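For the record, in the sequence shown the residue sitting at position 113 is 95 according to this note's numbering, with numbers rising by one throughout. Here's the structure, in structure tokens; my notes come after.
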Amino acid sequence: MRPSKLLLPLLVAVISMGVLTACGSSTKASSSPTTASGSPSGSSGAVTGATITIKNFAFSPSTLTVTPGSKVTVHNEDSATHTVTSVSTGFNTGDVAPGGTMSFTAPSTAGSYPYICQIHQFMHGTLVVR
-17 MRPSKLLLPL LVAVISMGVL TACGSSTKAS SSPTTASGSP SGSSGAVTGA
33 TITIKNFAFS PSTLTVTPGS KVTVHNEDSA THTVTSVSTG FNTGDVAPGG
83 TMSFTAPSTA GSYPYICQIH QFMHGTLVVR
């Protein structure tokens, strides 16, 4: 038998296994705000260290709850430079290059702090301090 005739059944088997595996996933997506640990923000409270990931021109999570004065790390997984800049007073990472990481200190006063990317102002997020 020629090698090309062997590859087709093998390819069909591999693709079928991938489709069956994907269909068997039981992961549920959640749209509720989360803490850095991934738990719903209403359940376990704030965290002392947190990460905001920038990917596909969006902040993830879009709402992050932290404790006052905690360190927040920003990781940019996009191919464009971004910022995490408080709309009012508070924090600004400055430019975060593609693949780069920056940190800032969350405000010490409890409250809700909306932020944007100064370069791409359609990108929005909220840092909740409590």
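From the three backbone atoms N, C-alpha and C, an ideal C-beta is built for every residue, glycine too. Note that the coordinates shown come from a computational prediction; the quantities given were computed from them, not determined experimentally.
Residues near residue i in its chain [Cβ-Cβ closer than 7 angstroms; skip 5 each side]
{"i": "Ala92", "result": "Pro50, Val111, Arg112"}
{"i": "Ile98", "result": "Thr67, Val69, Met105, His106"}
{"i": "Ser82", "result": "It should be pointed out that residue 82 corresponds to Gly in this sequence rather than to Ser. Within the same chain, Gly82 has close Cβ partners Asn58."}
Chain B within 7 angstroms of residue i, Cβ atoms only
{"i": "His64", "result": "Going by chain labels, chain B is absent from the structure shown, which holds only one protein chain."}
8 angstroms CB neighbourhood of residue i in its chain, flanking five on each side removed
{"i": "Thr33", "result": "Ala18, Val54, Thr55, Val56, His57"}
{"i": "Asp60", "result": "Ile36, Lys37, Asn38, Phe39, Pro80"}
N- and C-terminal bounds of the beta strand (DSSP E) containing residue i
{"i": "Met84", "result": "83 to 87"}
{"i": "Val78", "result": "Run containing Val78: none; DSSP gives neither H nor E here."}
{"i": "Ser94", "result": "93 to 98"}
{"i": "Ser42", "result": "40 to 42"}
{"i": "His57", "result": "45 to 58"}
Candidates the options, of which the one nearest residue i by Cα
{"i": "Thr87", "options": "His106, Ala79, Thr71, Ala40", "result": "Thr71"}
{"i": "Ser94", "options": "Val69, Thr65, Ser85, His64", "result": "Val69"}
{"i": "Gln100", "options": "Ser85, Ser42, Thr65", "result": "Thr65"}
{"i": "Pro89", "options": "Gly82, Gln103, Phe73, Val78", "result": "Phe73"}
Pairwise C-alpha distance: residue j and residue i
{"i": "Ala62", "j": "Pro96", "result": "21 angstroms"}
{"i": "Asp77", "j": "Val48", "result": "22 angstroms"}
Heavy atom of the ligand PLP within 6 angstroms of residue i beta-carbon
{"i": "Lys37", "result": "For the structure depicted, the ligand PLP is absent and the ligand set is empty, with no information on it obtainable."}
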